[in-house]
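Take a look at the structure below.
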Amino acid sequence: MNTQNATTLSKTSKSKAKIQKFGGFLAGMVIPNIGAFIAWGLITAFFIPTGWVPNEYLGKLVGPMITYLLPVLIGYTGGKLVYDVRGGVVGAIATFGVVVGASIPMFLGAMIMGPLGGWVIKKFDELIEGKVPTGFEMLINNFSAGILGALLSLLAYTVVEPVVQGFSMALGSFATAVTNAKLLPLISIVIEPGKVLFLNNAINHGILAPLGVQQVKEVGKSIFFLLETNPGPGLGILLAYWLYGKGTAKQSAPGAIIIHFLGGIHEIYFPYILMKPILILAAIGGGMAADLTFVLTKAGLVATPSPGSIFAELAMTPKGGFFGVIAGITIGTLVSFAIASVILKRSTEEISDETLDAAKSMVSQMKAESKGQKAAVKVPKLIVFACDAGMGSSAMGESILKKKIKDAGLNIEVKHAAVNQIPQEAEVVFTQESLAQRAAQVVPNAKIVTIKNFLEQAAYDEFIKSIKN
1 MNTQNATTLS KTSKSKAKIQ KFGGFLAGMV IPNIGAFIAW GLITAFFIPT
51 GWVPNEYLGK LVGPMITYLL PVLIGYTGGK LVYDVRGGVV GAIATFGVVV
101 GASIPMFLGA MIMGPLGGWV IKKFDELIEG KVPTGFEMLI NNFSAGILGA
151 LLSLLAYTVV EPVVQGFSMA LGSFATAVTN AKLLPLISIV IEPGKVLFLN
201 NAINHGILAP LGVQQVKEVG KSIFFLLETN PGPGLGILLA YWLYGKGTAK
251 QSAPGAIIIH FLGGIHEIYF PYILMKPILI LAAIGGGMAA DLTFVLTKAG
301 LVATPSPGSI FAELAMTPKG GFFGVIAGIT IGTLVSFAIA SVILKRSTEE
351 ISDETLDAAK SMVSQMKAES KGQKAAVKVP KLIVFACDAG MGSSAMGESI
401 LKKKIKDAGL NIEVKHAAVN QIPQEAEVVF TQESLAQRAA QVVPNAKIVT
451 IKNFLEQAAY DEFIKSIKN
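Each residue of the sequence shown is one higher than the one before, starting from 1 at the first, in UniProt numbering.
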């Protein structure tokens, strides 16, 4: 029986880690571009006909940004996550195929075509690795990216875009129906536990944000931006700990309140729930009460508030919408506080430093798993050839050294890059003497090997000899 339980727990843990990793990948496409979303949200809030200062001329920015800029940025970032800048470029080209002609913002299409573009060009480069004649690297790199990107863009335009658009519209219609039926508060049963398990990125950036953007385009605001980012439930739990908690948890709660509510870092309250898992009921109750208030007051934001600070929430609130947003956050806080207070008052156990530290350690471990870092015990060895543009000469140097390393029976990854874009994990950087100082500034911990000419065979032979020694 114990063995069976252990097996079940192991399978559950692996499944959770896979979901966390997938959610982290989705978030990795969106989070770097949050600034662009906020810029679009501010322009929308100010200049659309119902905005703070309606302006027909400046309002022309709203449509192209949501239709073209934001999806292409997501597609580029998705491709870059798979295969660095080269993958990002092909991912952006592929994404444009789902953008053109679509009647809705193609964020879901971008999340598909961006990583697909990065994966295709990565597999192509792996296929031809070691087979490119010296001096033809730049030619083949440019034309392979162009040809594959064009083919993927055509595929996206003719096949993927109609399918994704149909699915997105169906999903949007379902979400609208749920909202109109006043059933949206039930989503807190999924969102609040999901946040503590670091599944919030998959929920917020993978599902709610695309729905929210589509709704903003139609009505100027969206309730979907409030569901996961609302700081009220977490604030209520921390307030309860401050007033009715015991020991270290009570003493640390005021500082956590500032970081959570003002700074928007919600993960600060996760250890307080993990110390008493039944407190998840307070988070769910507060979330449901807040969401019901948002529905009844027809509250909404113009873009994702990131991080989920009260300042970001108010900054993304459209004209005339402050009452609903503030009311929802306040009611969510009060309900969460009331439930958590009852639970903590009935508890006689004083939480020690060790208990709080263990909970914090568990949160850190789950966060690492959500980013796919659990297995990353050792950073692989990486050599980077860097030239000014990261294309011609460095690609030749990479090709030569790769062949020599392979002949020597060594297993070392070799890449080429522009000197300003050297990967931080690079341990050794080959570059020209005139670029050595710039390379050292980009990767201060890497060993910089200066060479006069990338075709200089002796320098590579000496380097390989030193490795063997």
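Each residue gets a CB set at the ideal place from its N, CA and C atoms; glycine is no exception.
Check your understanding: What is the rounded straight-line gap between the Cα of residue 373 and the Cα of residue 81?
Key -> Residue 373 sits at position 373 when you count from the first residue of the sequence shown. Residue 81 sits at position 81 when you count from the first residue of the sequence shown. Legend: pLDDT at residue 373 = 48, less than 50; position of this residue unreliable, no value from coordinates given.
Review point. Can you round the beta-carbon distance between residue 300 and residue 226 to whole angstroms, since I take them to be within the 8 Å contact cut?
Key: Start at 1 with the first residue of the sequence shown, and residue 300 comes out as number 300. Start at 1 with the first residue of the sequence shown, and residue 226 comes out as number 226. Confirmed, about 7 Å.
Review point. To the nearest angstrom, how far is it from the Cα of residue 26 to the Cα of residue 207?
Key: For the purposes of this step, residue 26 is taken as residue 26 along the sequence shown, with counting starting at 1. For the purposes of this step, residue 207 is taken as residue 207 along the sequence shown, with counting starting at 1. Here the alpha carbon of residue 26 sits roughly 10 Å from the alpha carbon of residue 207.
Exercise for review: Kindly provide the ranges of any alpha helix (DSSP H) runs that are 4 or more residues long and lie completely inside the region 27-88, ordered along the chain.
Suggested key: If only complete runs of 4 or more residues are kept, the region 27-88 shows the alpha helix (DSSP H) at 34-47, in order along the chain.
Practice item. Tell me whether residue 433 sits in a helix, a strand or coil according to DSSP, three-state version. Key: Indexing the sequence shown from 1 puts residue 433 at position 433. Residue state, collapsed to three classes: helix.
Practice item. Measure the Cβ-Cβ separation of residue 152 and residue 132 and say whether it is below 8 Å. Key: As a first step, residue 152 must be located in the sequence shown, where it is residue number 152. As a first step, residue 132 must be located in the sequence shown, where it is residue number 132. Note that the C-beta distance between residue 152 and residue 132 is not below 8 Å.
Review point. Which of the three DSSP states, helix, strand or coil, is assigned to residue 375?
Key: Sequence index remark: in the sequence shown, residue 375 carries index 375 (1-based). Annotation note: pLDDT 39 at residue 375 (below 50); position unreliable, coordinate value reported separately. Coil.
**Study point:** Boundaries (first-last residue) of the alpha helix (DSSP H) holding residue 337
**Key:** Start at 1 with the first residue of the sequence shown, and residue 337 comes out as number 337. Its alpha helix (DSSP H) spans residues 322-345.
Review point. So what's residue 195 in DSSP terms, helix, strand or just coil?
Key: Residue mapping note: residue 195 aligns to position 195 of the sequence shown, counting from 1. In the structure shown, residue 195 sits in a helix (DSSP, three-state: H, G or I).
Point to revise | Exposure label - residue 324; buried when at least 16 CB within 10 Å | key: Your numbering for residue 324 matches position 324 in the sequence shown. Around the beta carbon of residue 324, a 10 Å sphere encloses 16 or more other beta carbons of the protein chains shown; the residue is thus reported as buried.
Check your understanding: In chain order, what residues of the same chain have a beta carbon less than 8 Å from the beta carbon of residue 173, not counting five sequence neighbours either side?
Key -> Taking the sequence shown and counting its residues from 1, the one referred to as residue 173 is at position 173. Excluding sequence neighbours, residue 173 sits near nothing in its chain.
Check your understanding: Based on the DSSP output, what are the partners of residue 385 in its beta bridges?
Key -> Here residue 385 corresponds to residue number 385 of the sequence shown, with the count starting at 1. Note: residue 385 sits in a beta bridge opposite 416, 430.
Check your understanding: Whose CA, out of 247, 154, 242, 169, lies closest to the CA of residue 214?
Key -> As a first step, residue 214 is located in the sequence shown; it is residue number 214 there, counting from the start. Scanning 247, 154, 242, 169 for the CA closest to the CA of residue 214 turns up 169.
Check your understanding: Under a Cβ-count criterion, where at least 16 other Cβ atoms within 10 Å of its own Cβ denotes burial, should residue 432 be classed as buried or exposed?
Key -> Position 432 of the sequence shown, counted from the start, is the residue given in the question as residue 432. Burial call: buried.
Practice item. Give me the Cβ distance between residue 102 and residue 75, rounded to the nearest whole Å; I'm assuming they're in contact under 8 Å. Key: One-based indexing of the sequence shown puts residue 102 at position 102. One-based indexing of the sequence shown puts residue 75 at position 75. Not confirmed; about 13 Å, so no contact.
Check your understanding: Three or more C-beta pairs closer than 8 Å, one from the region 283-300 and one from the region 330-343: is that the case here?
Key -> Yes, since at least three Cβ pairs between the region 283-300 and the region 330-343 fall closer than 8 Å, the two stretches touch.
Check your understanding: Would residue 267 be called buried (16 or more neighbouring beta carbons within 10 Å of its own) or exposed?
Key -> If you number the sequence shown from 1, residue 267 lands on position 267. Its Cβ being crowded by 16 or more others within 10 Å, residue 267 is buried.
Exercise for review: List in chain order: all unbroken alpha helix (DSSP H) runs of 4+ residues lying wholly within the region 145-228.
Suggested key: With a minimum length of 4 residues, the continuous alpha helix (DSSP H) runs that stay inside the region 145-228 are 161-180, 188-196, 200-203, 209-219, 224-227.
Review point. In three-state terms, what does DSSP make of residue 317?
Key: Looking up residue 317 in the sequence shown gives position 317. If DSSP states are grouped into helix, strand and coil, residue 317 belongs with coil.
Check your understanding: What three-state label does DSSP hand residue 442 in the structure shown?
Key -> Here residue 442 corresponds to residue number 442 of the sequence shown, with the count starting at 1. It is helical.
Point to revise | Where residue 304 sits in the DSSP three-state scheme | key: Taking the sequence shown and counting its residues from 1, one reaches residue 304 at position 304. Here DSSP, grouped into helix, strand and coil, assigns residue 304 to coil.
Review point. So, are the CB atoms of residue 220 and residue 31 less than 8 Å apart?
Key: Position 220 of the sequence shown, counting from 1, holds the residue named residue 220. Position 31 of the sequence shown, counting from 1, holds the residue named residue 31. No, the Cβ-Cβ distance between residue 220 and residue 31 is not below 8 Å.
Review point. Bridge partners of residue 451, per DSSP?
Key: Position 451 of the sequence shown, counted from the first residue, corresponds to residue 451. The partner list for residue 451 (beta bridge, DSSP) reads 432.
**Study point:** Range of the contiguous alpha helix (DSSP H) that encloses residue 425
**Key:** Stepping through the sequence shown from its first residue, residue 425 is reached at position 425. Neither: residue 425 is in no alpha helix (DSSP H) and is coded neither H nor E.
Review point. Is the region 230-238 in contact with the region 268-277, if contact means three or more CB pairs nearer than 8 Å?
Key: Short answer: they touch.
Review point. For the ligand SAH, any of its heavy atoms closer than 7 Å to the Cβ of residue 233?
Key: Although the ligand SAH was asked about, the structure shown includes no ligands whatsoever.
Exercise for review: Name the residue from 28, 29, 43 whose alpha carbon lies nearest to the alpha carbon of residue 302.
Suggested key: Your numbering for residue 302 matches position 302 in the sequence shown. The residue from 28, 29, 43 with its alpha-carbon nearest to that of residue 302 is 43.
**Study point:** Three-way DSSP call (helix, strand, coil) for residue 130 in this model
**Key:** Locating residue 130 in the sequence shown gives position 130, where the first residue counts as 1. Residue 130: coil per DSSP, three-state reduction.
**Study point:** the region 179-186 contacting the region 278-285, beta-carbon criterion three pairs below 8 Å
**Key:** Contact fails: fewer than three Cβ-Cβ distances are below 8 Å.
Check your understanding: Roughly how many whole angstroms lie between the Cα atoms of residue 402 and residue 463?
Key -> Looking up residue 402 in the sequence shown gives position 402. Looking up residue 463 in the sequence shown gives position 463. Each residue's Cα considered, the two are about 12 Å apart.
Review point. Helix, strand or coil: which one does DSSP assign to residue 457?
Key: Locating residue 457 in the sequence shown gives position 457, counting from the first residue. Helix.
Review point. Which residues does DSSP pair with residue 114 in a beta bridge?
Key: Sequence index remark: in the sequence shown, residue 114 carries index 114 (1-based). Its beta-bridge partners do not exist; DSSP assigns none.
Check your understanding: In or out: residue 139 buried (at least 16 other Cβ within 10 Å) or exposed?
Key -> The sequence position of residue 139 within the sequence shown is 139, counting from 1. Per the 10 Å Cβ criterion, exposed.
Practice item. Kindly indicate which three-state DSSP category residue 100 falls into: helix, strand or coil? Key: The count along the sequence shown starts at 1 and reaches residue 100 at position 100. When secondary structure is reduced to three states using DSSP, residue 100 falls in the coil class, being assigned neither helix nor strand.
Check your understanding: Under the three-state reduction of DSSP, which class applies to residue 396: helix, strand or coil?
Key -> Position 396 of the sequence shown, counting from 1, holds the residue named residue 396. For residue 396, the secondary structure class from DSSP, reduced to helix, strand or coil, is helix.
Point to revise | Test item: CB-CB of residue 263 and residue 309 under 8 Å | key: Within the sequence shown, residue 263 is the residue found at index 263, counting from 1. Within the sequence shown, residue 309 is the residue found at index 309, counting from 1. Yes, Cβ-Cβ distance for residue 263 and residue 309 is below 8 Å.
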